[in-house]
Amino acid sequence: MELQDSKTKIVRETFPSETISIIGDLLAGIILSLLILPLESFVVLILMIPALLSLRGNLSGPFIARTSRDLVIGNFSIRSWIENILATYTLSIITAFFIGFFSLILNLFFFKLTILSYQYFFTIPIISIILALSISIPTSTGLNYIVFKKGLNPNNIINPVMTAIDDFSTVLCFFLSIIMLGVP
Amino acid sequence: MGLIAGTLLSSNKEILYTIPIMLLIIPALNSLIGDISTVLVSRLTTHLYIGSLSPKIQKSERLKEDFYGLLITLLLSLGVLVFLGYFIGIISGIEIVNPFLVIIIIIITILLLFLIMFITLFIGAIFLFKRGMDPNNFLIPFLTSLSDFLTPFFLILFIIIFI
Numbered sequence: 487m488e489l490q491d492s493k494t495k496i497v498r499e500t501f502p503s504e505t506i507s508i509i510g511d512l513l514a515g516i517i518l519s520l521l522i523l524p525l526e527s528f529v530v531l532i533l534m535i536p537a538l539l540s541l542r543g544n545l546s547g548p549f550i551a552r553t554s555r556d557l558v559i560g561n562f563s564i565r566s567w568i569e570n571i572l573a574t575y576t577l578s579i580i581t582a583f584f585i586g587f588f589s590l591i592l593n594l595f596f597f598k599l600t601i602l603s604y605q606y607f608f609t610i611p612i613i614s615i616i617l618a619l620s621i622s623i624p625t626s627t628g629l630n631y632i633v634f635k636k637g638l639n640p641n642n643i644i645n646p647v648m649t650a651i652d653d654f655s656t657v658l659c660f661f662l663s664i665i666m667l668g669v670p
Numbered sequence: 004m005g006l007i008a009g010t011l012l013s014s015n016k017e018i019l020y021t022i023p024i025m026l027l028i029i030p031a032l033n034s035l036i037g038d039i040s041t042v043l044v045s046r047l048t049t050h051l052y053i054g055s056l057s058p059k060i061q062k063s064e065r066l067k068e069d070f071y072g073l074l075i076t077l078l079l080s081l082g083v084l085v086f087l088g089y090f091i092g093i094i095s096g097i098e099i100v101n102p103f104l105v106i107i108i109i110i111i112t113i114l115l116l117f118l119i120m121f122i123t124l125f126i127g128a129i130f131l132f133k134r135g136m137d138p139n140n141f142l143i144p145f146l147t148s149l150s151d152f153l154t155p156f157f158l159i160l161f162i163i164i165f166i
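Chains as they are written, first to last, in my numbering: chain A, 487 to 670; chain B, 4 to 166.
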């Protein structure tokens, strides 16, 4: 099939999922430009956002792929799903800690801004990513299950849809954690 | 790379404050170039494995079809992105400074990134495949990091040059 793909077929199959992805990312952009940009600590906060978006993609992407694979090959079980969730959360907390640590180092050496206390560099990424995964994991599992039950291949459908949902929810959770922690 | 991209944005905060529409569309631009490049790597890898693309750095019909197919998708998606981005900008009251110049900067950035990505990923895929490695495993994480860094880099660079 791949061999016969014409440029028209490439456009027809890729463009719709790309449009969904763009909508999700523009919603993330609204939160950034309307809610986070006016904050006093924006200059420090923007350090963490691209890294958190990449982290979310690198963690929930494999989680979605593993769940899809288990459903397709008939290996899906509550036990393997819980193990998958625990691994994803553990990895995300460790990586979020390092994002905080390196942001702090960058701030100390380059920006030297004292507007944000040290503890916020660790609590903001950790809380944001935990909240974002708490939206992403049940949503992607539910979508995976529904798509699979309808006889479609989850590998082809879930990823672009979840990219849109996840990018939006990561920025939203980032904003929520800022509000919860009372960041200026 | 994510943190380097963050540092780049943070050091050019004046641009984000004066052209706030940039912050609205940066996540979508990043995602667009990342998604198109991922599709390219997956397709190149499949072509190499099934033999529809020879593992040599040379032009071929298959490569041209992929190039034009992805370029058309990119341009159509960019049209949607600019239309929706400006529409959202207008209804949410985000200030749009120099709208036509900003659109030109976005188009130049995305086309340049697509060219860089296409050439780098094509050569990379051939190189890795010839050494018995799966290009998907190496190039997808690489391109994600590269696009995370290059998108804000070129946007900021062209804004400094043109505006």
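No residue lacks a Cβ here, since even glycine has one placed at the ideal position from N, Cα and C.
Asked: CB-CB under 7 Å to Met487 of chain A, same chain, minus the five flanking residues each way: which ones, in chain order?; Found: Residue placement at Met487 of chain A cannot be trusted, given a pLDDT of 45 that sits under 50; what the coordinates show is reported in the next sentence. Answer for Met487 of chain A: no residue qualifies.
Asked: Taking CB distances under 8 Å as the criterion, tell me whether Phe597 of chain A reaches chain B.; Found: yes
Asked: Could you tell me which of A:Cys659, A:Ile522, A:Val657, A:Ile532 sits nearest to Asn593 of chain A, measuring between CA atoms?; Found: A:Ile532
Asked: Pull up the distance between the alpha-carbon of Pro524 of chain A and that of Tyr20 of chain B, whole angstroms please.; Found: 9 Å
Asked: How far does the alpha helix (DSSP H) with Pro624 of chain A in it reach, from first residue to last?; Found: 604-635
Asked: Give the residues of chain B in contact with Ala514 of chain A, contact being defined as C-beta atoms less than 7 Å apart.; Found: Pro30
Asked: Which residues, taken in chain order from the segment 68-83 of chain B, show a beta carbon closer than 8 Å to some beta carbon of chain A?; Found: Glu68, Asp69, Tyr71, Gly72, Leu73, Ile75, Thr76, Leu79, Ser80, Val83
Asked: Let's see if you can read the secondary structure: which residues bound the alpha helix (DSSP H) around Phe161 of chain B?; Found: 138-165
Asked: Taking the alpha helix (DSSP H) that Leu590 of chain A falls in, what are its first and last residues?; Found: 564-592
Asked: In terms of residues, what are the limits of the alpha helix (DSSP H) holding Cys548 of chain A?; Found: A small correction: the amino acid at residue 548 of chain A is Pro; Cys does not occupy that position in the sequence shown. Unbroken alpha helix (DSSP H) run through Pro548 of chain A: 528-559.
Asked: What are the residues in the segment 534-555 of chain A lying within 8 Å of chain B by C-beta distance?; Found: Met534, Ile535, Pro536, Ala537, Leu538, Leu539, Ser540, Leu541, Gly543, Asn544
Asked: Counting only the same chain and skipping the five closest in sequence on each side, list residues whose C-beta sits under 6 Å from that of Phe562 of chain A.; Found: Asp556
Asked: Use the C-beta contact count for Glu64 of chain B: other C-beta atoms within 10 angstroms, 16 or more gives buried, fewer gives exposed.; Found: exposed
Asked: Find the residues of chain B that neighbour Ile509 of chain A, judging by a C-beta separation of less than 9 Å, and give them in chain order.; Found: Ala31, Val83, Leu87
Asked: For Ser34 of chain B, return the contacting residues in chain A, with the cut-off set at a CB-CB distance below 7 Å.; Found: Ser507, Asp511, Thr649, Asp653
Asked: If we cut at 8 Å on Cβ distances, does Asp38 of chain B have a partner in chain A?; Found: yes
Asked: Report the three-state DSSP secondary structure of Ser57 of chain B (helix, strand or coil).; Found: coil
Asked: Give a yes or no on contact between the segment 125-145 of chain B and the segment 658-667 of chain A, applying the rule of three or more CB pairs nearer than 8 Å.; Found: no
Asked: Quick one, which of B:Asp69, B:Gly37, B:Leu81 has its alpha-carbon nearest Lys493 of chain A's?; Found: B:Asp69
Asked: Using alpha carbons as the reference points, say which of B:Lys133, B:Ile159, B:Ser150 lies closest to Thr48 of chain B.; Found: B:Lys133
Asked: Assign Tyr604 of chain A to buried or exposed, taking buried as 16 or more other Cβ atoms, counted over all protein chains shown, within 10 Å of its Cβ.; Found: exposed
Asked: Kindly indicate if chain A contains any beta-carbon less than 8 Å away from that of Ile9 of chain B.; Found: In the sequence as presented, Ile is not what sits at residue 9 of chain B; that position holds Gly. Gly9 of chain B counts as touching chain A.
Asked: Chain A beta carbons: is any one of them nearer than 8 Å to that of Ile91 of chain B?; Found: yes
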